[in-house]
Amino acid sequence: MPLLDVHALTLDYVAERRRVRATDQVSFSLDDGERLVLLGPSGCGKSSLLKAVAGFVKPSGGRILLDGEGVDGPGPDRIVVFQEYDQLPPWKTVRENVAFPLLASRRAAKAEAFARADAAIEQVGLGRFAEAYPHTLSGGMKQRVAIARALAMRPRVLLMDEPFAALDALTRRRMQEELLALAQEVGFSLLFVTHSIEEALVVGHRIVLLSAHPGRVRAEFDSRAFGLGGAGSSSFQAAVQQIHRLLFDEAPEGLAA
Amino acid sequence: MSIVWKAAAPVAPAEPAALPLPLAQRLWDSAFVRKALLLALLALGWEALARWTDNDLLLPGFVATAKAFVDGLQNGELPTRAGLSVWLLLQGYGLGVLAAFGLTTLAVSTRLGRDLLSLLTAMFNPLPAIALLPLALLWFGLGSKSLLFVLVHSVLWPLALATFAGFQGVPEVLRMAGRNYGLTGLRYVLQILVPAALPSILSGLKIGWAFAWRTLIAAELVFGATSGQGGLGWYVFQNRNELYTDRVFAGLACVILIGLAIEHLVFDTLERVTVRRWGVQR
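Protein sequences, first through last, are from chains A and B. For the first sequence, this note's numbering begins at 1 and goes up steadily by one. For the second sequence, this note's numbering begins at 1001 and goes up steadily by one.
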């Protein structure tokens, strides 16, 4: 049984008194310890899918099962790392921020929460900044705090919504490296949303390719062969080209989902 | 492509990175010093004006007022009156803050609560608290209950308005993060909304404080004496009747000084240890 099973998920949202379909009958699944990337252009509903899995958006059709149980509403077994820096409460230091979900969800007592927070902060290399307030940190550091906060929770599945999209190219690259190193070290299950083909290939074990308006699954890729090391290789470039064609050109018959 | 490695730039000759500013500059940079200077100038102008008009009944000078003020302090009348006023104010303020918190919590929980809040604030916020005093006297009679009623009215609406505006300005991702950790109901309000909206709440508390203070003094001017003991407003009113104009000024000065002290000691400290420390307000 997969860890996360999303079946025929249809999401709608209401805009200007009209019901707009964000995704149509999207299905994918995530195994324990796997890293799955939802990749697609803007408007393909990939963020909506992630929010539905997180429990913030109610589906109009289909089902989401986590460990075989239906998801209804947000919960601390699925921790989200958002793109926006606002996700860190500015009134809490780095250490308090990381311990916050553990305490708020009553998963751990104070001593244990802070011990786990300290460990997670060390893992993302922010030990020196444990007592700093978020507004004194750079964008990359803030995202590291958000990741540490998610790691300290040890959720069943980590949900990341374009976590590096607001960072500059060099920092983004380094954060991808660090994320992969953390995955090696900790071993988490990850659902990752991005619009960058390169990032999808580097981060994911598997990629679900979505088309826009409304979001539908177009193809699924195995991308285990690509890591950060192979980013310049010709097979990597070929994969990028192939995905690019799938995203932006007319798909050949039979490939469209 | 060839890469030319440049040697690191030579270390600059030792020069202290931070030079201390001259004393005069540092003094001028202190808001307290600048404000104290302005106050001194105002007092000087006032004294000059009083000497020029030369009519103690209409305009006692700074020196005469200071003397009456010190007298009032020494014979214990001013502290007693001020204490009465402040104690009543704190009770009314506390009740108003509680009511505002309850109303805004209701407003963020349900749509009907939100409608209720916006309707009530639109109706009652523009209504001067003093205008309710006759009604309060009718309902609660002469006494501190009537004063509390108008005090709550003067604090509740502006604070509820500011708090609700603050709640609405809380970023969506912060809300989602809170719900993600399983926070709901009152815990969600207390652990996410209130701290996130604290800049607005603090400014609402400040406005509410000023409204309450002026309402109380004005209400005391109207009837003031509660069971034989009146507050500062009563002190001002009584001394005007007896034409002790210097004491009227001393009473007003006391009202101003208490206002200044609360603003600078309480609210500035609150802001320093919270919103300014968190970098959410300059």
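We put the CB at the ideal spot given by N, CA and C, even for glycine. What you are looking at is a predicted structure, and each value in this text was computed from that prediction instead of being measured.
Straight-line spacing of the CA atoms in Asp-118 (chain A) and Thr-1080 (chain B) works out to 53 Å. Gly-204 (chain A) places its beta carbon less than 7 Å from that of Arg-35 (chain A).
Sequence-distant Cβ neighbours of Pro-59 (chain A) in its own chain, meaning closer than 8 Å and more than five residues away, are Leu-9, Thr-10, Leu-11 and Ala-52.
DSSP, reduced to helix, strand and coil, places Arg-35 (chain A) within a strand of the structure shown. The stretch 1126 to 1141 of chain B and the stretch 1207 to 1226 of chain B touch, with no fewer than 3 CB-CB distances between them shorter than 8 Å.
Annotated three-state conformation of Gln-25 (chain A) is strand, per DSSP.
DSSP, reduced to helix, strand and coil, places Met-1 (chain A) outside both helices and strands of the structure shown, so it counts as coil. For Val-193 (chain A), there is no enclosing alpha helix (DSSP H); the residue is part of the beta strand (DSSP E) that begins and ends at 190 to 194. Taking C-beta separations shorter than 7 Å and ignoring five residues to either side along the sequence, Ala-104 (chain A) has no partners in its chain. Val-71 (chain A) and Ser-1144 (chain B) have their C-alpha atoms roughly 55 Å apart. Around the beta carbon of Gly-1141 (chain B), a 10 Å sphere encloses fewer than 16 other beta carbons of the protein chains shown; the residue is thus reported as exposed. Linking Trp-1278 (chain B) to Trp-91 (chain A) through their CA atoms gives a straight-line distance of about 5 Å.
Interface annotation, Gly-1182 (chain B): in contact with chain A, CB-CB separation under 7 Å.
In the DSSP assignment, Gly-1279 (chain B) falls outside any beta strand (DSSP E), carrying neither H nor E. Using a CB distance cut-off of 7 Å, Asp-118 (chain A) does not count as an interface residue toward chain B. A check of alpha carbon separations from Leu-1186 (chain B) across B:Asn-1055, B:Gly-1102 and B:Gly-1204 identifies B:Gly-1102 as the nearest. Look at Glu-185 (chain A): its C-beta is not under 7 Å from any C-beta on chain B. Chain A has no Cβ within less than 7 Å of the Cβ of Pro-1199 (chain B). For Val-1248 (chain B), the CB contacts under 7 Å within the same chain, skipping 5 residues up- and downstream, are Val-1236, Asn-1239 and Arg-1240 in chain order.
For Pro-1171 (chain B), the C-beta contacts it makes with chain A under 9 Å involve Glu-84, Asp-86 and Gln-87, in order along the chain. Per DSSP, Arg-128 (chain A) lies in no beta strand (DSSP E) segment and is marked neither H nor E. Under the 7 Å criterion on CB atoms, Leu-1174 (chain B) is classed as interfacial with respect to chain A. Considering only A:Lys-142, A:Ala-200 and A:His-244, the residue with the shortest C-alpha distance to Leu-88 (chain A) is A:Lys-142. In this structure, Leu-191 (chain A) and Leu-39 (chain A) do not form a Cβ contact; the two beta carbons are roughly 12 Å apart against a cut-off of 8 Å.
A distance below 7 Å separates the beta carbons of Gly-215 (chain A) and Gly-45 (chain A).
Less than 7 Å divides the Cβ of Ala-113 (chain A) from the Cβ of Leu-102 (chain A). With a threshold of 7 Å between beta carbons, Gly-1279 (chain B) makes contact with chain A. Between the C-alpha atoms of Pro-1199 (chain B) and Ser-235 (chain A) there is a straight-line separation of about 53 Å. Contacts with chain B at 7 Å (Cβ-Cβ) include Ser-105 (chain A). Where Val-1189 (chain B) is concerned, there is no enclosing beta strand (DSSP E), because DSSP gives it neither an H nor an E.
Ile-79 (chain A) has A:Leu-158 as its beta-bridge partners, per DSSP.
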